[in-house]
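Have a look at the structure below before the remarks.
Protein chains in written order, with this note's numbering: chain Y, 1 to 362; chain X, 363 to 965.
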């Protein structure tokens, strides 16, 4: 087959630049989608407020007691006396300035209310994610393709972990390790010790799922011919697992990461309440109870943003794990098979340019 | 080698041929030296296996993959194990590096690898043998090299595992190895991923990773099966060069012609035992075991043209051929098809292809991967619309007709693919697969049932397959079902796209015979696409040779194969590994008389 260069370009440099440009374009497109999703979430939130039965103003105020002056203030703040299109753009404008509205229940701006609770929640989720990830990888590496007496108990525990509700598991942990053994504090406590039990409780269900998916991926990868080849080179089984199989096993795990992010977020809300921790969860549950509409819709927007960011990261991670998914400069894989020796000139220097730094073992 | 063949469980072979040279074979296993001098204490025998058994336990079922084989490989020897799929040849090879597979039970009276009894060898000791003393090359480097790692890293892995060179020199040695196996621009290639390399380069890189620690024995399991014929010739030459440099070779293949290029000794394997072995020439020229004879007879070679390939009682039987009519059933004029690669570059997959096919005729299209054969097939079938040019089936052109005429036209031209498994719905039973085109043609239910039975008879399948699903069929049965499905709407033309490429040679012989029978009986015309020149020669009346999307040569099959005019055709023909080195070029090099005797005689 003839590969014709439709546009004349300088070999090498031109190709590398075009590859960088195509990656840049891909990134821009993704960010564009992300912004679109966020805009959709904002619009849905706005619509929810306006489609709600009863007065908009009552929804905003919730169960707080407000004076008629403040009521008038709200109407002018939210442009409630103007047509809905004006209200919509007014709402967008506020959001762009980082203003999520005012919670009259809490008596503070929603942005401030959420901002105060973001750190403890983030702490809990980060601890949970690390715990689930490390635990799942270690368990999967240790049990993949192992005899049934090793694999079986772990597989059973994973299923238990996935199926037992997080709050019940949290209570169990509290009963044993706080009330009976007194190893960890039962309530609140922003210390590191106080983080241990909630993080474990949060990590169990997603970690169990992750371990199952990883082990399955590992076992599938270990059946691939390239693993046999790797073994035939005389490398250690650990190297086979970590260097060759794990990377391929991570692909399906990454795919469910978006769903796992939801599990962590939902889990955090429950866990924070069980352990009476500060955080978004406690804030949200409180807000829901008081019908604090501005607060809850603010949290919903933050959650949407969280999802969008996670998915952006997931999309970025795929090509890092699998070079075949990189939008690299066109290569010679398919067409030029016929003459193995003659295809050299058409390969992309850009690949070797980006590759030099990573050559050898990871 | 003492010939002691047989189907008994203890078939022993002892190597006593003096072909092995001790010079330039192996390196010290302790030091980082790459000096190919042999230490005084170096064992001459690399592999000594007696009565090897390998059993796999799958749940409650046990499968005996290898049932008592004996084999000895000395330094510098070149040995081949030939057999069809499921014969146990790969498992035998893998047992020699302790990688028989999960759930494998390996037993042997003697299993001495590199002077060490390997029957109870701990994993750690196996690792020091693998790569260092025995290099292992698997089939199809696309899946045998880790797709997520650069080829340089894969080669470096062997170097690091055995500390062949100091850490700082690893990268330089990788480049050197790639150059050694004939990879151009080795520095750039080392940084590329397997999918960025062509099949030939990938295979070279894989071989480089296997020979990185300069093993005394290189085991190659179907090293050229996925490759084009010219690339295959290059890889075989490379293996031969390794061998000349003193490395012993164990070649595993289904293709007798391939191994005859490289091996001194051939072991023919069937159902887990060696049924015959001996010096390559002797086995090819004077096969003793009926199975070896059957294998040899099934290979489509020059003198087999016009005869049936599958074993016939009483010797070769002439294949009845269809009478080629005057009516043109398929015509393509000046087909051009381009694909956009990345917006700026385009790929001309089919470039000005014209062809004509008459009733009852077989038109062979031969070419290497990427030559545009399959795209041409898709254009003929209207699965893809050409950029310019026209295709006429039975005098009606695709494109200018309404949907209903189009649907009727589709019944006149059918297709058979290489891998029927991927073209069948895995959940459909055979009866439904075959009846599907009939349902489209609005054939009544009762008629459909009787037609399906009739088709089964025509393709030689029993009624027992009717309710089986594709996965429950053997490769040959699947291809028969595919043929039955293609025949169902009584087509004038069947496009066969590599229909026998995935099949063992004896199954291939049956399918080729079946296709020829059907043509003779029903007068169907075939467009027969294959990369295999022997198959093309066997089946075709006329041949098109394609390269880079163009037809470089066209003509009568005898003329093309005896007097190729285009350089590319000549190169293709020269690259074909043949049993006697000349079988496909009878008039260029007269074929030795011995071959006719050995291959003509079928017990």
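We put the beta carbon where it would ideally sit given N, CA and C, even for glycine.
All values derive from a computational prediction rather than experimental measurement.
Other residues of its chain near residue i: CB distance less than 8 Å, five sequence neighbours each side excluded
i                      : result
residue 779 of chain X : 785, 844, 859, 860 and 861
residue 80 of chain Y  : 56, 57, 74 and 87
residue 833 of chain X : 783 and 788
residue 546 of chain X : none
residue 902 of chain X : 724, 725, 726, 890 and 919
residue 557 of chain X : 504 and 509
Beta-carbon contacts of residue i that lie in its chain and below 7 Å, excluding the five residues immediately before and after
i                      : result
residue 288 of chain Y : 296
residue 173 of chain Y : 197, 200 and 201
residue 368 of chain X : Note on residue 368 of chain X: pLDDT 36, under 50, position unreliable in the model; the coordinate value appears next. Excluding residues within five positions, none has a Cβ falling inside 7 Å.
residue 689 of chain X : 720 and 721
Rounded Cβ spacing between residue i and residue j (contact assumed at less than 8 Å)
i                      : j                      : result
residue 117 of chain Y : residue 283 of chain Y : 5 Å
residue 611 of chain X : residue 440 of chain X : 4 Å
residue 442 of chain X : residue 621 of chain X : 4 Å
residue 537 of chain X : residue 518 of chain X : The pair is not a contact, with the Cβ atoms about 10 Å apart (cut-off 8 Å).
residue 416 of chain X : residue 467 of chain X : 7 Å
residue 886 of chain X : residue 847 of chain X : Contact doesn't hold; Cβ gap of about 14 Å is too wide.
Under 7 Å by beta carbon: chain X residues contacting residue i
i                      : result
residue 322 of chain Y : 510
residue 225 of chain Y : 500, 505 and 506
residue 166 of chain Y : Ordered by position in chain X, no residue passes the 7 Å Cβ test against residue 166 of chain Y, which lies about 34 Å from the chain.
residue 29 of chain Y  : Chain X residues near residue 29 of chain Y: none, gap ~14 Å exceeds 7 Å.
residue 247 of chain Y : 510
residue 244 of chain Y : 508
Best match in the options for proximity to residue i [C-alpha to C-alpha]
i                      : options                       : result
residue 574 of chain X : X:783, X:796 and X:494        : X:494
residue 582 of chain X : X:506, X:692 and X:463        : X:506
residue 585 of chain X : X:537, X:557 and X:617        : X:617
residue 721 of chain X : X:509, X:853 and X:467        : X:853
residue 42 of chain Y  : Y:96, Y:225 and Y:162         : Y:96
residue 314 of chain Y : Y:274, Y:261 and Y:290        : Y:261
residue 491 of chain X : X:773, X:815, X:409 and X:768 : X:409
residue 570 of chain X : X:539, X:548 and X:558        : X:539
residue 629 of chain X : X:933, X:865, X:768 and X:432 : X:432
residue 216 of chain Y : Y:237, Y:110 and Y:146        : Y:146
residue 838 of chain X : X:823, X:557, X:738 and X:737 : X:823
residue 130 of chain Y : Y:206, Y:251, Y:275 and Y:51  : Y:206
residue 912 of chain X : X:795, X:805 and X:738        : X:738
residue 500 of chain X : X:572, X:481, X:578 and X:556 : X:572
residue 211 of chain Y : Y:156, Y:303 and Y:170        : Y:156
residue 830 of chain X : X:792, X:841 and X:639        : X:792
residue 238 of chain Y : X:489, X:881 and X:869        : X:489
residue 70 of chain Y  : Y:112, Y:124, Y:272 and Y:103 : Y:103
residue 543 of chain X : X:625, X:598, X:670 and X:502 : X:598
Chain-ordered neighbours of residue i on chain Y, where CB pairs are closer than 9 Å
i                      : result
residue 523 of chain X : 233, 234, 235, 236 and 239
Residues near residue i in its chain [Cβ-Cβ closer than 6 Å; skip 5 each side]
i                      : result
residue 672 of chain X : 871, 872 and 875
residue 337 of chain Y : Residue placement at residue 337 of chain Y cannot be trusted, given a pLDDT of 34 that sits under 50; the coordinates are not used to answer.
residue 889 of chain X : 725 and 857
residue 451 of chain X : 443, 445, 614 and 631
residue 371 of chain X : Confidence at residue 371 of chain X is low in this model, with a pLDDT of 35, below 50, so its placement is unreliable and no value can be given for it.
residue 735 of chain X : 727, 729, 891 and 908
residue 752 of chain X : 695 and 759
Contacts that residue i makes with chain A (C-beta to C-beta distance below 8 Å)
i                      : result
residue 905 of chain X : Absent from the structure is chain A; the protein chains it does hold are Y and X.
Within chain Y, the residues that residue i reaches when beta carbons sit closer than 7 Å
i                      : result
residue 493 of chain X : 232, 233 and 234
residue 490 of chain X : 234
residue 449 of chain X : Simply none; closest approach about 19 Å.
residue 571 of chain X : 233
Proximal chain X residues relative to residue i, where beta-carbon distance stays under 9 Å
i                      : result
residue 228 of chain Y : 456, 461, 463, 498, 500 and 506
Cross-chain neighbours of residue i in chain X, by beta carbon under 8 Å
i                      : result
residue 145 of chain Y : 464
residue 220 of chain Y : None at all; the shortest Cβ gap to chain X is about 13 Å.
residue 151 of chain Y : In chain order: nothing, as chain X lies at least about 13 Å away.
Counting only runs of 3+ residues fully inside the stretch 99-176 of chain Y, write out the beta strand (DSSP E) ranges in chain order. none
Suppose only complete runs of 4+ residues qualify. What are the alpha helix (DSSP H) ranges in the stretch 876-924 of chain X, listed by chain order? 895-901 and 919-924
Continuous beta strand (DSSP E) assignments of at least 3 residues falling wholly in the stretch 695-765 of chain X: 707-720, 724-728 and 750-755
What residue ranges within the stretch 522-604 of chain X form continuous beta strand (DSSP E) runs of no fewer than 3 residues, ordered along the chain? 579-583
Every unbroken alpha helix (DSSP H) within the stretch 457-517 of chain X, with a cutoff of 4 residues, ordered by chain: 485-491 and 503-506
Any alpha helix (DSSP H) of 4 or more consecutive residues that is wholly inside the stretch 207-274 of chain Y: 225-232, 246-255 and 257-274
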